[in-house]
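Student: Supplied in structure tokens, the structure appears directly below.
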Amino acid sequence: MAFYRKLAQHSLRRFASQASRHLPKPVPMKADVGPIFGLGAITLGAAAWYLHKSSVRPPALFSFGVITDIQYADIDDKGKRGKVRYYRNALNVVDNAVRWWRAGPPLAFVLHAGDIIDGACAYEGLRTSKTALGKVMQRLDIGCLLIGLIGNHELYNFSRAELRTGVHEQLHLTDGAGSFYYRFAPPAVESAGWRLLVVDPFEISVLSGGYGMGLHRESLEMLCNHNSNFRELLSTKPQTDSLAGLDECDWFKGMPRKQEPGDVARRWTPLNGAMSERQMKWIADELREATCLGINVGILSHVILRPEVANPDCLLWNYEDFLRIVDDAELGSCVKLYICGHQHEGGFFKDDRGAYHCVFESPLLSKPGDPGAFARIDVLKDAVRVVGYSPALTPEQEFDARGHVLTKDCNPFTLCE
Numbered sequence: 573m574a575f576y577r578k579l580a581q582h583s584l585r586r587f588a589s590q591a592s593r594h595l596p597k598p599v600p601m602k603a604d605v606g607p608i609f610g611l612g613a614i615t616l617g618a619a620a621w622y623l624h625k626s627s628v629r630p631p632a633l634f635s636f637g638v639i640t641d642i643q644y645a646d647i648d649d650k651g652k653r654g655k656v657r658y659y660r661n662a663l664n665v666v667d668n669a670v671r672w673w674r675a676g677p678p679l680a681f682v683l684h685a686g687d688i689i690d691g692a693c694a695y696e697g698l699r700t701s702k703t704a705l706g707k708v709m710q711r712l713d714i715g716c717l718l719i720g721l722i723g724n725h726e727l728y729n730f731s732r733a734e735l736r737t738g739v740h741e742q743l744h745l746t747d748g749a750g751s752f753y754y755r756f757a758p759p760a761v762e763s764a765g766w767r768l769l770v771v772d773p774f775e776i777s778v779l780s781g782g783y784g785m786g787l788h789r790e791s792l793e794m795l796c797n798h799n800s801n802f803r804e805l806l807s808t809k810p811q812t813d814s815l816a817g818l819d820e821c822d823w824f825k826g827m828p829r830k831q832e833p834g835d836v837a838r839r840w841t842p843l844n845g846a847m848s849e850r851q852m853k854w855i856a857d858e859l860r861e862a863t864c865l866g867i868n869v870g871i872l873s874h875v876i877l878r879p880e881v882a883n884p885d886c887l888l889w890n891y892e893d894f895l896r897i898v899d900d901a902e903l904g905s906c907v908k909l910y911i912c913g914h915q916h917e918g919g920f921f922k923d924d925r926g927a928y929h930c931v932f933e934s935p936l937l938s939k940p941g942d943p944g945a946f947a948r949i950d951v952l953k954d955a956v957r958v959v960g961y962s963p964a965l966t967p968e969q970e971f972d973a974r975g976h977v978l979t980k981d982c983n984p985f986t987l988c989e
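The C-terminal position of the sequence shown is numbered 989 in my numbering, with every residue numbered one higher than the one before it.
This is the structure in structure tokens:
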């Protein structure tokens, strides 16, 4: 069944005030002003009639919270010209998210889609990674399972071995066997006819071993083959073996500007990575089985998986190989939803198979005093409903966005006030 998106800029203001009564009140919807509270429904089959024909909201089969790229660090705000990152304020956003989730319906789990603390904790002479993570986890005491995706900043701060054995008892980054890609289908998800596939987009990457393990040489060679700036750097400094060393060249020299069409070459940086053939085969096998069983699938990845929804600086290295699987008519029809992080400004796209790619904004972009960036996803019988907060972006930040999951723009199917 195809997905049909009905994104409603909510008219249910009573619900908003109740669910967020402990949060700052949402500012009226004006361009580039104040936090945005949105209500959306992505429907399977029939239109989401309840959004515009009834005030009754169907109950969810299961709900889960989403937040991504918290990227907390105990450092001063950074940035200029409308692109400031509010590192310490990220903890206030976490507080707001937890209060809001607790005030709403019960959650089966909460997803953090990668980059829970910033690489500055490890790479600016601080080495405060465990302390910073502890501060975030103390705030993320939500009383339900917390699933974390592996992002580049996890690898900046910890070795993959540390992440596998566990860097905090509340944060689950692998399955029971220690794999960073796996099927996630707890009882509430499975009984609703869904399965979620957690993928590892850094299985092949220059920092695949994580903090303190040096650069992965085969991945570095792959990077050099696609980005000559790194080849030039290594020709003069062949002993380079750290992310800091790779920073000694201009990663994007000679490349298209990120806003130009056909600029996917910009994905070839240490910020991204690739999936192995083995992981790709596992994804194909999971989709084949789900299709046979009539199960809906959601795919969870830190890195963006399709160029249409990506600022290309955030795109999977071997996205073409991935798309050959999910765009296959016999395999990909079961995939209904993608959830990603990495691209702080957000993104939203409906692909040709009717699946929705949802990239949620980072709390780093939320000014002190604003609620922040977080959401709840309600999975219904025929729809996926998204409710939450997203930050009001500056024009400079908006320039890097690729659409938004929660939006102030209304469409013909939406009841607006």
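Cβ coordinates follow ideal geometry from the N, Cα and C atoms, glycine included. Since the structure is predicted, the reported quantities are computational estimates derived from the model, not experimental observations.
Does the separation of the CB atoms of residue 722 and residue 708 fall below 8 Å?
Tutor: No. Outside cutoff.
Student: Can you name, in chain order, every residue of its own chain whose Cβ lies under 7 Å from the Cβ of residue 768, other than the five neighbours on each side?
Tutor: 756, 757, 761, 870 and 872
Student: Is the stretch 937 to 954 in contact with the stretch 884 to 891, if contact means three or more CB pairs nearer than 8 Å?
Tutor: no
Student: Does the beta-carbon distance from residue 638 to residue 705 come in below 8 Å?
Tutor: no
Student: Assuming residue 824 contacts residue 839 (C-beta within less than 8 Å), just tell me the rounded distance between them.
Tutor: Contact flag wrong, Cβ pair sits at about 11 Å.
Student: Look up residue 733 in the DSSP assignment and say whether it is helix, strand or coil.
Tutor: The answer is helix: DSSP assigns residue 733 an H, G or I state.
Student: Using the C-alpha atoms, what's the distance from residue 653 back to residue 910?
Tutor: Spanning the alpha carbons of residue 910 and residue 653 requires a straight line of approximately 31 Å.
Student: If you reduce the DSSP assignment to three classes, tell me which class residue 660 lands in.
Tutor: coil
Student: Please return the same chain residues whose Cβ sits closer than 6 Å to the Cβ of residue 771, not counting the five positions on each side in sequence.
Tutor: Only 753 and 873 meet the Cβ criterion.
Student: Can you find the residues in the same chain that come closer than 6 Å, C-beta to C-beta, to residue 918, ignoring five residues on each side of it along the sequence?
Tutor: 931, 933, 973 and 976
Student: If we count the other Cβ atoms within 10 Å of its Cβ and call it buried at 16 or more, is residue 845 buried or exposed?
Tutor: buried
Student: Figure out for me which residue from 914, 905 and 896 has the closest Cα to the Cα of residue 885.
Tutor: 914
Student: Within the continuous beta strand (DSSP E) that includes residue 955, where are the two ends?
Tutor: 955 to 962
Student: When burial is assigned at 16 or more other CB atoms within 10 Å of the CB, is residue 720 buried or exposed?
Tutor: buried
Student: Counting only runs of 3+ residues fully inside the stretch 796 to 874, write out the beta strand (DSSP E) ranges in chain order.
Tutor: 868 to 873
Student: Check the DSSP bridge columns for residue 778 and list the partner residues they point to.
Tutor: DSSP output for residue 778 lists no bridge partner at all.
Student: Quick check on residue 673: does DSSP put it in helix, strand or coil?
Tutor: Three-state DSSP puts residue 673 in a helix.
Student: Whole-angstrom Cβ separation of residue 887 and residue 875, contact assumed at under 8 Å?
Tutor: Yes, they are in contact, since the Cβ atoms of residue 887 and residue 875 sit about 7 Å apart, within 8 Å.
Student: Can you tell me the Cα-Cα spacing of residue 693 and residue 818, whole angstroms?
Tutor: 18 Å
Student: Would you call the stretch 736 to 750 and the stretch 784 to 800 touching, i.e. three or more CB-CB distances under 8 Å?
Tutor: no
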